[in-house]
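Student: Have a look at this one.
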Amino acid sequence: MFINIKPLDVANRRGCPDEFSFGATFSDHMFTQEYAAGKGWHNAEVTPYHTLSLDPSAAVLHYSQEIFEGLKAYRNPNGNINLFRPLENCRRFNRSAERMVMPTVDENFHLEALKALIKLDHAFVPDKPGASLYIRPTMIATSPKLGLGASKSYLHFIITGPAGAYFQGGFNPISVCIANKYRRAVAGGVGEAKTGGNYAASLYASEEAAKKGFSQVLWLDAIEGRYIEEVGAMNICFVYEGKTIVTPSLSGSILPGITRNSILQLAPTLGYDVSEQRLDVNQIVDDIKSGKITECFGCGTAAVISPVGSLSYMDEDYVINDNQTGTVSQHLYDHLTGIQYGTIADPFDWIVEVPVK
Ligand SMILES: Cc1ncc(COP(=O)(O)O)c(C=O)c1O
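So in this note's numbering the end of the sequence shown lands on 358, straight run, no missing numbers.
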């Protein structure tokens, strides 16, 4: 399929502002394509960033039939742009689409759309250390109909915007509260799909935790309230004895993070053991108390690695590694970001380079 590119006149392009804030500053252009039952995907275009016009009865506004993704592009030493695992990201988008009864998109076409957009808006990919371009592919149900059922029409769009360094001047370990009362997602539900409702469902507990001074909520499984799942919009890893990285196995209610998967592949090449297990919260607390757990970190596209300095469970605080960033967290962060920025070789073929000239 053909992408109709309708760019802004060069004179009207803004380029990346000096000051920007993640999720609030957007690049000049966006990609859109529409889907209709019987017709499939059509009208693929890259146009100036614009507001959407939706019928007030559009299905997404009532029944949340929507999915989204998050990935990043980095400026490499040649001045070109590195996309990190874009096909893997598109595959998760399609798995979310299937779960939410939405049409899938062609992986290679989605990649072409990303490339076309990035080429046009490459000025928005910052070249400051730690900064990147955040990319947000989204799909929404647009059928104007209040009867409950899968929509017959959809809009797929991609917007992008510059994102500053997540940690200014070094890592700041975060304090995390383990949710006792609230659950994020249940096995059999939609927790492993990246759909907006999961995030809306997490807000109440996050706000409550923030009022108590915690920066993130760690979720337990919804059936027994006992097994560790994930932390905010990140997966979670524990480091045992400075050597073994342990993360919850994918339970059906955890988002299968691409950073998590990258760490599971990368860490053994750096000399660590990795293990995916069902992790009992009581065991984790005991292992922190006994010092077997030497580090804990969240991992996800936004921060890449976010060290956890303390975990609070049932109103008790458990400090990990003296609330300092551990050497394993730092090692993984440096290596993974080195691959993303193109300063360390990528033996995994994770990077898709987009030439900008
Ligand atoms: C709920 C949740 N878990 C985990 C992650 C980490 O996934 P990734 O590493 O693909 O960003 C994210 C972010 O996308 C998320 O929203």
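Glycine included, each C-beta is placed from N, C-alpha and C at the ideal position.
1) Check whether the Cβ of Leu256 lies closer than 7 Å to any heavy atom of ligand 1, and answer yes or no.
2) Is Thr248 near ligand 1, with its Cβ less than 7 Å from a heavy atom?
3) Ignore the nearest five residues each way along the sequence and tell me which others in His123's own chain have a CB closer than 6 Å to its CB.
4) How many angstroms separate the CA atom of Thr338 from the CA atom of Glu209?
5) Applying the criterion that 16 or more other CB atoms from any shown protein chain within 10 Å of the CB defines a buried residue, is Tyr75 buried or exposed?
6) In angstroms with no decimal places, state the Cα-to-Cα distance between Gly173 and Gln325.
7) Is Thr245 a contact residue of ligand 1, with contact defined as CB to any heavy atom under 7 Å?
8) Out of Tyr155, Asn322, Glu231 and Leu221, point me to the one whose CA is closest to Met315's CA.
9) Given that a residue counts as buried once 16 or more other Cβ atoms are within 10 Å of its Cβ, and exposed if not, what is His111?
10) Between the C-alpha atoms of Gly214 and Ile179, what's the straight-line distance to the nearest angstrom?
11) With distances taken between CB atoms, is the gap from Asn77 to Gly343 smaller than 8 Å?
12) Between the Cα of Asn236 and those of Lys129, Val177, Val47 and Cys91, spot the shortest distance and give me the residue it belongs to.
13) Is it buried or exposed, Gly192, if we count other Cβ atoms within 10 angstroms and call 16 or more buried?
14) Flag Asn44 as yes if its beta-carbon sits less than 8 Å from any beta-carbon of chain C, otherwise no.
15) Have a look at Glu354 and Met2 and give me their C-alpha separation to the nearest angstrom.
16) What do you get for Gln266, buried or exposed, if any count of 16 or more other CB atoms within 10 angstroms of its CB means buried?
17) Are three or more beta carbon pairs between the segment 223–233 and the segment 267–276 nearer than 8 Å?
18) List, from N- to C-terminal side, the alpha helix (DSSP H) runs of 4 residues or more that fit wholly inside the segment 239–327.
19) What are the start and end residues of the beta strand (DSSP E) that includes Ser176?
20) Going along the chain, which residues of its own chain have a beta-carbon closer than 8 Å to the beta-carbon of Val305, five neighbours each way excluded?
21) Using only alpha-carbon positions, find the residue among Pro57, Cys238, Ser330 and Met103 that is nearest to Ala38.
22) Could you tell me the boundaries of the beta strand (DSSP E) in which Lys116 lies?
23) Rounding to the nearest angstrom, what Cα-Cα distance links Pro308 and Tyr319 in this structure?
24) Less than 7 Å separating the Cβ of Asn236 from some heavy atom of ligand 1?
Tutor: On the basis of the coordinates in this document:
1) yes
2) no
3) Ile82 and Val357
4) 32 Å
5) buried
6) In the sequence on display, residue 173 carries Asn and not Gly. Those two C-alpha atoms are separated by around 8 Å.
7) no
8) Leu221
9) buried
10) 13 Å
11) yes
12) Val177
13) buried
14) No chain C is part of this structure, which consists of one protein chain only.
15) 22 Å
16) exposed
17) no
18) 259–270 and 282–290
19) Ile175 to Ile179
20) Tyr167, Thr260, Tyr334, Leu337, Thr338 and Gln341
21) Met103
22) Looking at the DSSP string, Lys116 is not in any beta strand (DSSP E); the run it does join, the alpha helix (DSSP H), is Glu108 to Leu121.
23) 14 Å
24) yes
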